[in-house]
Amino acid sequence: MFTRDAYRGMPGHMRRFSIGAITGFLLLFLLYTGTAAAWHTRTHLAVAKAAGYRQWYNAAAADIAKIKAGSIESYNHFFNNPGNVTVTPEMVLSQAGRYNMPADTEGHLYGAIIASLREYSAAREKGRYAEYHLAFTAHYITDLSQPLHNIPYDEFNRKNHPANDGVVDGEVLENIGRIKRHMYPVKLGPAHFEKDLAAEIARVADISRRLGLKLKKEGGIMTEQEAYIQLGHSASLLRAVLQYHPRRVK
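Per numbering that gives the first Met the number 0, residue 0 is the first one in the sequence shown, and the count goes up by one each step.
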């Protein structure tokens, strides 16, 4: 059995090898189970801050969960859209029942937003701590604006995904204002909140899908300006969820 004492007794070079092997395994695990990661950590945190989410520091948790949850969680982060069809509210709502389903390998990002909010509401109604469900919602809404999470995960997508995920990550937390400049009002009626939300998810998803197809046609990576515009879509929608959810999720 590999114990703490055994590790301490290892020579330095063996310790380094052990840590490197574990790190390599985790990276391979993420690539195998999660395909693409979708926007890097600081980008997720920046969108949550721009939207006014009080627990913005939890917004990257869904990617951390993939290390242990694997395909149960990872397929909540994208939709491959194999037919490259226009995203509709009906498509969004139909995906909600596939939340956390590892067999649905084409992904169900749009439904994950709806379903995670349903779980937030259900937990609150039972008097349970519900905030973690909202942290997942915040993460998924940010994934929604990553163009390559809305088109098929083909050779182009695999090759260019990491660069697009990180296009503004190094600076974004110091440039929250650049996200805010691209934010706009989104209203979700409390009486028909989920219907309105599905329509807004479809709208942002299709904007992102079209940009993804443009990037594929041009063989390129988003510009910083394009990335901040996309993040503005996510931040606007998340802010609306925080403002208009019937349970007042702020």
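Using N, Cα and C, we set each Cβ at its ideal position, and we do this for glycine too.
Under a 10 Å Cβ-count criterion, G218 is classified as exposed, with fewer than 16 other Cβ atoms of the shown protein chains found around its own Cβ. Under the 8 Å Cβ criterion, the region 70-87 does not count as touching the region 47-56, having fewer than three qualifying pairs. Taking C-beta separations shorter than 7 Å and ignoring five residues to either side along the sequence, the partners of G165 in its chain run H39, following chain order. Between H138 and A45, the C-beta spacing is not below 9 Å. Its chain contains Y74, F77, F78 and N79 as the residues whose beta carbon lies nearer than 6 Å to that of G106, once the 5 sequence neighbours on both sides are disregarded; these appear in chain order.
Note on K186: under 16 other CB atoms within 10 angstroms of its CB, so exposed under the neighbour-count rule. Note on E193: 16 or more other CB atoms within 10 angstroms of its CB, so buried under the neighbour-count rule.
For I66, the uninterrupted alpha helix (DSSP H) segment begins and ends at A60 to A68. The region 108-150 contains, as complete alpha helix (DSSP H) runs of 4+ residues, the segments 108-124 and 130-142 (chain order). Collapsing the DSSP output to three states places G106 in coil.
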